[in-house]
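**Q** Position 117 of the sequence shown, counting from 1, maps to 116 under numbering that gives the first Met the number 0, and the rest follow consecutively. Even glycine gets a Cβ: it sits at the ideal position worked out from N, Cα and C.
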Amino acid sequence: MEEGQRDILECARYLASRGWAEAGAGNISIRTKQIGIHNTNAIPINYPAKPSLAIYATRSGSNFRLMAEDDVSSVVVGEDGQSIAHDFKHGKPTSELSTHLLLQSHFADKNSLAIIHAHLTNLVAATHVFRSEQELNEAVFCHTEMPLLVPGGIGLVPVITPGSVEIAQATLEKIKQGKTCVAWACHGIVAIAENLLGATNIIEAVEKACEIALKVKSAGGKTIFVGQS
């Protein structure tokens, strides 16, 4: 197993230990160098992706709590940019692959990029309470770590079918606005960083800030806005 695959394995188990990846929820990808694929059967995709882009990604339906070596494998975009091939022995790449490939392709000029999608309990609850992007950010920028770790604020997309190209495109639009994390209303979060540690740091800060905001609101108070760049 390559180092990048081990990093995903460890990250997945950590997310599960925090309750952010129940059952088969959650998905992760990181950039890797161009590698050979044993399974050369091309699978068409209906969204633009960077030709020859190579990533490691988690398997669709994989249980992060029980994550095993064969739950992380390589995915490579074809030279035409309209197909992929993967090396999963059993199953296929994450159902949110369109989100991973659109974002990874957008940052193809960077040497590395890590993407985590997880179901953060307090973040999901917060999207039920604070229903606009402005309202959400005004509430959760109550924690001093937020301007440091999430300076561009949290992007918010409405309820869209999970695994769809539409949710992937909506997420990409928020990322293009300078966001490093995007909340999927009533669903979860997507966080990006140079590496998995950075993406995990963002997730932890957002989840704690959402917890604080919800506790303050439930106590009848109002959060103090600590600033946003």
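Terminal residues of the continuous beta strand (DSSP E) containing Ala107?
**A** First-last for Ala107: undefined, no H or E at that position.
**Q** Within the same chain, show all residues whose beta-carbon is closer than 6 Å to that of Gly154, passing over the 5 residues directly before and after it, in chain order.
**A** Closer than 6 Å at Cβ, skipping near neighbours: Lys173, Lys178 and Val181.
**Q** Runs of 3 residues minimum, wholly inside the segment 143-208: which ones carry the beta strand (DSSP E) assignment?
**A** 153-156, 180-183 and 187-192, all fully within the segment 143-208.
**Q** Looking at the unbroken beta strand (DSSP E) that takes in Tyr13, where does it start and where does it end?
**A** Here Tyr13 belongs to no beta strand (DSSP E); instead the alpha helix (DSSP H) covers Glu2 to Ser16.
**Q** Helix, strand or coil for His37, going by three-state DSSP, please let me know.
**A** Residue state, collapsed to three classes: coil.
**Q** Within the same chain, show all residues whose beta-carbon is closer than 6 Å to that of Ala53, passing over the 5 residues directly before and after it, in chain order.
**A** Excluding positions up to five away in sequence, the list reads Thr31, Gln33, Ile34 and Val75.
**Q** Would a C-beta distance cut-off of 8 Å place Gly162 and Ser94 closer than the cut-off?
**A** Taking 8 Å as the Cβ cut-off, Gly162 and Ser94 qualify as a contacting pair.
**Q** Are three or more beta carbon pairs between the segment 66-82 and the segment 120-130 nearer than 8 Å?
**A** The answer is no - the segment 120-130 does not touch the segment 66-82, with fewer than three Cβ pairs under 8 Å.
**Q** Could you tell me the distance, in whole angstroms, from the CA atom of Val215 to the CA atom of Asn26?
**A** Straight-line Cα distance between these residues: approximately 31 Å.
**Q** Give the range of the beta strand (DSSP E) segment to which Ile57 is assigned.
**A** One detail in the question is off: residue 57 reads as Thr in this sequence, not Ile. Its beta strand (DSSP E) spans residues Ala53 to Thr57.
**Q** Out of Leu100, Ala208, Cys10 and Gly3, which has the shortest C-alpha to C-alpha gap to His142?
**A** Considering only alpha carbons, the answer is Ala208.
**Q** Taking only three categories from DSSP, how would you classify Val75?
**A** Of the three classes helix, strand and coil, the one that applies to Val75 here is strand, per DSSP.
**Q** Determine the closest residue to Pro47 out of Ser61, Lys91, Val164 and Met0, with distance taken between C-alpha atoms.
**A** Nearest option by C-alpha distance: Val164.
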